[in-house]
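**Q**
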Amino acid sequence: MTSLHSFNRYEIKYLLPSDQVPDLRRELVGRMDADSHGSDGGYGVWSTYYDTRDLRFYWEKIEGLKFRRKLRVRHYGDRNDVSDDTEVHVEIKQRVNRVTQKRRVALPYHLARDLCDGRRMVDHEPRQTAFLEEVLELISTLDLRPVAMTGYQREAYVGRDADVGLRVTLDHRVRGRDRDFHFSADAENRLIVPARLSVVEFKANERVPYWLTDLAARMNMSIVRVSKYCQSVEAFGRAPRSIFHIPDSETVEV
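Given below as structure tokens:
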């Protein structure tokens with residue numbers, strides 16, 4: 001498995017009506033390259049989020065704390081294909097002022113569950129030790145447990161030439177559930193963002209280029225403060241709906 005991976009970047013989120021997605025896509029493919037990990041239609045992204053009994057990480061996000069973090073286990077691809085040996089990522093995502101920091105390691109799914117659910121150290125590379133000890137301490141000290149799962153179909157584009165480091169993602173059919181947290185569980189996943197909307201994110205190491213912010217303005221894209229994790233928590237009644245909540249659909253998908 002790969003060693004510790006970490007990066008810092010700025011992230012800006014938008015909600016885009018699905019009927020505008022083709023227009024945005026045409027603009028992006030003219031200036032950016034498609035993510036090599038996704039074929040036509042993109043790829044699935046599934047995440048299990050951990051939190052305290054009183055949803056500390058959720059409230060830190062809602063209250064907009066300058067320093068906040070969350071722990072998740074993430075799988076890229078079809079969740080129905082996940083087995084004990086499937087590679088997943090154990091990830092701490094944190095916000096320091098306006099900068100998003102991510103640190104993660106890849107592990108077989110059974111080891112990720114041993115670490116996060118079983119609360120015990122697992123076999124790993126020496127370079128991963130400090131991070132895995134931090135994850136284990138976080139889980140044990142705060143008594144973290146899985147709270148919500150999210151999943152969506154992602155299109156991703158990466159910058160080229162002067163825009164190296166730029167990344168734009170379009171997330172469609174954003175779903176979630178509040179139980180049966182094994183990725184391949186035979187469980188229903190409810191839309192937590194209406195199917196008529198996609199979540200668009202601009203991600204840059206230093207600054208978003210002018211051509212992209214100008215494109216967002218021309219398409220009347222408004223910046224939103226949306227969290228898929230918070231959206232899932234609220235959609236399933238784990239917390240009152242905040243002012244940032246996107247009214248959800250009752251449609252159920254698998």
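Heads up: the sequence shown begins at 1 in UniProt numbering, then just goes up one per residue. Every residue gets a Cβ at the ideal spot worked out from N, C-alpha and C, and that includes glycine. Since we're looking at a predicted model, the values are computed, not measured.
Could you say which of S47, N8, R26 lies nearest to D180 if we only look at CA atoms?
**A** Checked all of S47, N8, R26; the closest Cα to D180 is S47.
**Q** In whole angstroms, what is the alpha-carbon distance linking N8 and R175?
**A** Roughly 27 Å separates the two Cα atoms.
**Q** To the nearest angstrom, how far is it from the Cα of K93 to the Cα of D23?
**A** Going from the Cα of K93 to the Cα of D23 covers about 31 Å.
**Q** Tell me whether the beta-carbon of D123 lies closer than 8 Å to the beta-carbon of A148.
**A** Taking 8 Å as the Cβ cut-off, D123 and A148 do not qualify as a contacting pair.
**Q** Leaving aside the five residues before and after Q20 along the sequence, list all residues of the same chain whose C-beta is less than 8 Å from its C-beta, in chain order.
**A** If we look at Q20 and ignore the five residues flanking it on each side, its Cβ neighbours are M219.
**Q** For S242, I'd like the list of residues in its chain whose CB is within less than 8 Å of its CB, leaving aside the five on either flank, ordered along the chain.
**A** Only I62, C230, E234 meet the Cβ criterion.
**Q** Can you tell me which of the three DSSP states F236 falls into?
**A** Three-state DSSP puts F236 in coil, outside helix and strand.
**Q** Output needed for W59: all residues of its chain with C-beta closer than 7 Å, excluding positions within five of it in sequence on either side, in chain order.
**A** Correct list: empty, nothing qualifies.
**Q** By the three-class DSSP mapping on this structure, what secondary structure does H245 have?
**A** Residue state, collapsed to three classes: coil.
**Q** So what does DSSP say about S198, is it helix, strand or coil?
**A** Strand.
**Q** Grab the span of the alpha helix (DSSP H) containing P22 for me, first residue to last.
**A** Element bounds for P22: 21 to 31.
**Q** Quick one, are the C-beta atoms of W211 and R31 less than 8 Å apart?
**A** Yes, Cβ-Cβ distance for W211 and R31 is below 8 Å.
**Q** Buried or exposed: where does D163 fall if 16 or more other Cβ atoms within 10 Å of its Cβ makes it buried?
**A** Under this definition D163 is a buried residue.
**Q** Touch check for the segment 192 to 200 and the segment 116 to 132: three-plus C-beta pairs under 8 Å?
**A** Segments in contact, no.
**Q** Does DSSP put P209 in a helix, in a strand, or in coil?
**A** In this structure, P209 counts as coil in the three-state DSSP scheme.
**Q** Excluding the 5 residues preceding and the 5 following M121 in the sequence, name in chain order all residues of the same chain whose CB lies nearer than 8 Å to its CB.
**A** So the list reads L115, L132, E133, L136, once near-sequence residues are dropped.
**Q** Answer yes or no: do R79 and F183 have a C-beta to C-beta separation smaller than 8 Å?
**A** Yes; because the gap between Cβ atoms is below 8 Å, this pair is in contact.
**Q** V168 to K13, Cα distance in whole Å?
**A** For V168 and K13, the distance between alpha carbons rounds to 10 Å.
**Q** With a threshold of 6 Å on Cβ separation, who are the neighbours of V193 within its own chain once the five nearest residues in sequence on each side are excluded?
**A** The answer, listed in chain order, is V174, I246.
**Q** Taking only three categories from DSSP, how would you classify D40?
**A** Reduced to three states, the DSSP call for D40 is coil.
**Q** Provide the residue span of the beta strand (DSSP E) that contains L115, from first to last.
**A** Counting along the chain, L115 falls outside any beta strand (DSSP E), though it belongs to the alpha helix (DSSP H) covering 109 to 116.
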